[in-house]
Structures are given as C-alpha cells and as structure tokens.
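Residue numbers for the sequence shown follow the working numbering, beginning at 3 and rising by one. Beta carbons: idealized from backbone N, C-alpha and C, even for Gly. A short worksheet on the structure shown next.
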Amino acid sequence: MDLVEIRIPPEPFDPAKYKIAGIDSVVDEAAGTITMRAVVVPLDPGEAEAIRAQIAADKVAAINAERDHRLGMGAPYAGKRVEVSDRGRADLGGMVSAAMLASNGLTAWSEGYARGWIAMDNERVPLPTPNDGILLAAFVGDWYGRTMQHARDLKDAALTAVDPATIDEMAGWPDV
C-alpha cells in the first residue's frame, strides 16, 4: 500500500487559537492509499489566554531588551553619546545644580564643567557657560524620559493586544 498524502496539520493554523486534537486516517484499500489528517479544534478560553499571556510576556521581554540596548548606547547630543545610567543621570543632576547656581550668580561656573562633559567616546562636549550645561542636562533628560515612556507604551500595548506578536518592539523609538 502506498502513502499518497500526509499533511499534519492539514493547513497552516494559528497555534494561539487552535490545537491538534488527534489524527484521523482513512485507508482506501481499493486505491491502495492511506490518507492522514490532523483534527484541529479551537483552544478553550483558558488555553488561549495562557498562550496569549506567554506571547505578551515574551514581547515585553523583547521591548525591555531593546530599551536597555538603546539606553546602553546613551543619549545623542552634539554628535556624541551621553551616558544615561543611574550614575550618569546622577552626575548630570549634580552638574545642572551647579549650573543653576552659577547662572544665578551664587557661585562661579566650575572649570571642571566648563572644560566639557565627558561623552561615552571619552571626548568632551564643550560647556563654556552654565546655560550650556543646563541645555545638555535638559536634552539628555528629555531623551531619557521619551525613551522610557515609549518602552512603557509598547509594553502596555503588548499586554492588552489581542495578538501581542503584532506589536513592533523596534518601531517609534526616539533617536534625537
């Protein structure tokens, strides 16, 4: 007896909505064939939700990985990248406090800051005036905030989507 056709599953199907419940086979001795097909049935609501939740969790992990990658590259500023780690943001906060004091005439603008902010490539971003320091901190803070908010928006979309796989974790990130 020859096998004519074996298709399991019989057609492409969405494993987030259906499952294979068994295999049917039909033997046609006269034709000398055996035909086998999968019996595809809808998932029950609990199974479907568990699969959707796992897909959403995987998507959130991918979004977090992309966010962390972008934060690791630093904020773009004046052709350089500025560190936005916890330490980097704390350093910017200290610098902007000094810049605000200096811009109000309460202290001098420190030569340590005036010589420039050290970017991630170990080159200086010039900060000749306190306002330059304030602008740097404001721009970097804005970029960091937009990056974090975009990640949150993507995660919220993935967690509430009927099909979380449709959320593109690479789309819409702030570049500047």
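Q | Residues near Ser99 by beta carbon distance below 8 Å, same chain, minus five either side | A | Once the five neighbours on either side are set aside, Ser99 has no close Cβ partner at all.
Q: Pull up the DSSP beta-bridge partners for Ala77, would you.
A: Val84
Q) Once you ignore the five residues that flank Ala159 on each side, which residues in its own chain have a CB closer than 7 Å to its CB? A) Ile169
Q) Since Val28 is in the beta strand (DSSP E), which residue starts that stretch and which ends it? A) Tyr20 to Asp30
**Q.** Cβ pair Met75, Arg69 closer than 8 Å
**A.** In this structure, Met75 lies away from Arg69, with their beta-carbon atoms at least 8 Å apart.
Q) If you draw a straight line from the alpha carbon of Met3 to that of Asp30, how long is it in whole angstroms? A) With a pLDDT of only 47 at Met3, under 50, the local geometry of the prediction cannot be trusted, and the value read off the model is given with reservation. The straight-line gap from Cα to Cα measures roughly 9 Å.
Q: Would you mind giving the Cβ-Cβ distance between Trp111 and Pro132, rounded to the nearest angstrom? I have them listed as a contact below 8 Å.
A: 5 Å
Q | Beta carbon of Ala58 nearer than 8 Å to that of Leu161 | A | yes
Q: Hey, could you find the ends of the alpha helix (DSSP H) Pro132 is sitting in?
A: Pro132 to Thr162
(Q) Please classify Thr149 as buried or exposed, where buried requires at least 16 other C-beta atoms within 10 Å of its C-beta. (A) buried
Q) With a CB to CB cut of under 7 Å and the five nearest residues on each side skipped, what residues in its chain are close to Tyr79? A) Val127, Leu138, Phe141 and Val142
Q: Could you check the C-alpha separation between His152 and Trp175 for me, to the nearest Å?
A: If you take the alpha carbons of His152 and Trp175, they lie about 7 Å apart.
Q. Which of helix, strand or coil does DSSP assign to Pro166?
A. helix
Q: Figure out for me which residue from Ala23, Ala101, Leu45 and Ala67 has the closest Cα to the Cα of Arg253.
A: This structure cannot speak to residue 253, because the chain is shown only from 3 to 178.
Q | Cα-Cα separation, Pro17 to Ala116 | A | Approximately 60 Å between the Cα atoms of the pair.
(Q) Does Pro176 come out as helix, strand or coil in the three-state DSSP assignment? (A) Three-state DSSP puts Pro176 in coil, outside helix and strand.
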